[in-house]
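Structure, as structure tokens:
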Ligand code: GUN
Ligand code: FE
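Numbering (our numbering), first residue to last: 95 to 532.
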């Protein structure tokens, strides 16, 4: 077979949500084998049993004590905000106006957009993230640059030009008509081309007129496989603003619903201040929430309520929300999610955290036939985490007794230093530690 290669190491992937299915939810082998052929997963299982069935001359990449996982999936991140991380702001609306909008203004220049897109993708891969749902700016050429950069690297990425025709600086506004035309043309150019997908991306309700939201809803209906991506109920002042702008809507969630923007493949970042009716209704539409803990803490927005989200049957994923978020690392993000749960007397198990960052994200995006686990025929986007990446991590790992303890250590102490390798379609996109080939 062309490009058939076996990767040996500890192997973990999920089949179900451990928050609901307990230990049946995953498969794990201390000495596992991930067999890759032609950029896809051919098989996964225990190394000794699989090797006895495979040709003796099959090349094997031995990752030693490394942990092989599906590549991380970040369901909400802003590529232009790479240069906003850590820049202050007392709350969401202050941060947007005084720190974020000026930085986004620079993306009128496609050369700048390309440079940032390349840096951003390098950073994702260095952190083990192989798929992300990405917001651009209002500028159409900037998101073209992003798609081109992702295409050159063969990545599975979802992205969209931001729609914003009011309540933003003049230099960052489109119009309902131009946003409609640009979105349609971008869908025709990029949606389902190679491994790329388009997301209709109204920034949030306050920055789109009713006619722009209506246009977004019409496009969403015409293109049912296109994604929808926005923000919802992040900050109390934002919610009060939405209430004044849309006095006829029952709630912030209801604004999106009225314009046909709640459906399968719709992702709403934050979803902090929702009531039970909002959560249940979102769940029935197929829309999902993206939990962005580092952003919610950094901007002081609030605490995502996992228990209430589960109780409503609303599915959620995990996301960095760079640059409101403070890290590209899904490991750092899992750790902050764990702490947000602790603050509310809830518990996010390490197994569930790793599920959310892999299969859980793929499922919310309806991409689980292709990515997020090691089922046969899926795309071989995977990573290797090094348990010996730092002296402290190595020391605590040596003291650990089981997988759950090791996962908690990876997320508590880990970051990009732990990501020894990132593979895209079976090809190394980043290798930091030399793996032994035999
Ligand atoms: N709400 C509207 N725009 C944004 C943004 O850029 N970041 C975050 N965190 N929330 C938003
Ligand atoms: Fe965001």
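Yeah, the Cβ is synthetic: ideal placement off N, Cα and C, and Gly gets one too.
| Query | Result |
| --- | --- |
| With 16 other Cβ atoms within 10 Å as the buried cut-off, status of residue 599 | Beyond the ends of the chain as shown, which are 95 and 532, falls residue 599; an answer cannot be given. |
| Buried versus exposed call for residue 500 [16 or more other C-beta atoms within 10 Å across all chains shown] | buried |
| Same chain, Cβ closer than 7 Å to residue 455, neighbours up to 5 away in sequence not counted | 167, 169, 411, 412 and 466 |
| Rounded Cβ spacing between residue 213 and residue 290 (contact assumed at less than 8 Å) | Contact flag wrong, Cβ pair sits at about 19 Å. |
| Which residues DSSP lists as bridging residue 203, in chain order | DSSP, once it has assigned bridges, lists no residue as partnering residue 203. |
| Neighbourhood of residue 215 by C-beta distance below 8 Å, restricted to the same chain and skipping five residues each side | 243, 244, 247 and 249 |
| Buried versus exposed call for residue 525 [16 or more other C-beta atoms within 10 Å across all chains shown] | exposed |
| Rounded separation between residue 196 and residue 374 - CA only | 37 Å |
| Cβ neighbour criterion (16 or more within 10 Å) applied to residue 210 | buried |
| Within the segment 256-286, ranges of the alpha helix (DSSP H) (whole runs, at least 4 residues) | 270-284 |
| Distance cut-off 6 Å: residue 415 Cβ against heavy atoms of the ligand COA | This structure does not include the ligand COA; its bound ligands are the ligand GUN and the ligand FE. |
| Chain-ordered list of residues that sit, by beta carbon, closer than 6 Å to a heavy atom of the ligand GUN | 172, 186, 190, 194, 297, 298, 325, 328, 389, 415 and 418 |
| Integer-rounded CB distance, given that residue 480 should sit under 8 Å from residue 160 | 6 Å |
| Given 8 Å, three or more beta-carbon pairs between the segment 293-308 and the segment 316-324 | yes |
| Terminal residues of the alpha helix (DSSP H) in which residue 504 lies | 497-507 |
| CB contact below 7 Å: residue 254 versus chain D | In the structure shown, chain D does not exist; there is a single protein chain. |
| Beta-carbon spacing of residue 419, residue 365 below 7 Å | no |
| Beta-carbon proximity of residue 263 to residue 235, cut-off 7 Å | no |
| For residue 398 and residue 358, the rounded distance between their alpha carbons | 21 Å |
| Burial state of residue 424, where buried means 16 or more other Cβ atoms lie within 10 Å | buried |
| Extent of the continuous beta strand (DSSP E) to which residue 140 belongs | 134-140 |
| Cβ shell of residue 343 (< 6 Å), same chain only, five flanking positions each side left out | 349 |
| Residue span of the alpha helix (DSSP H) that contains residue 489, given as start and end | 485-493 |
| Other residues of its chain near residue 609: CB distance less than 7 Å, five sequence neighbours each side excluded | Limits of the chain in this structure are 95 at one end and 532 at the other, which puts residue 609 out of reach. |
| Distance, residue 361 Cα to residue 117 Cα | 28 Å |
| Neighbourhood of residue 200 by C-beta distance below 7 Å, restricted to the same chain and skipping five residues each side | 206 |
| Any non-hydrogen atom of the ligand FE within 6 Å of residue 363 CB | yes |
| Those runs of the alpha helix (DSSP H) which lie wholly inside the segment 353-388 and span at least 4 residues | 370-379 |
| Rounded C-alpha distance that separates residue 515 from residue 478 | 5 Å |
| Collapsed DSSP secondary structure at residue 408 in the structure displayed | coil |
| Residue 313, DSSP secondary structure in three states | helix |
| Residue 503 versus residue 185: straight-line alpha-carbon distance, rounded | 31 Å |
| For residue 47, the residue or residues it bridges with in DSSP | The question about residue 47 has no answer here: the residues shown for the chain are numbered 95 through 532. |
| Residue 449 vs residue 112 beta-carbon contact at 7 Å | yes |
| Continuous alpha helix (DSSP H) assignments of at least 4 residues falling wholly in the segment 409-493 | 424-437, 444-449, 455-458 and 485-493 |
| Cross-strand partners of residue 170 (DSSP beta bridge) | According to DSSP, residue 170 bridges with nothing at all. |
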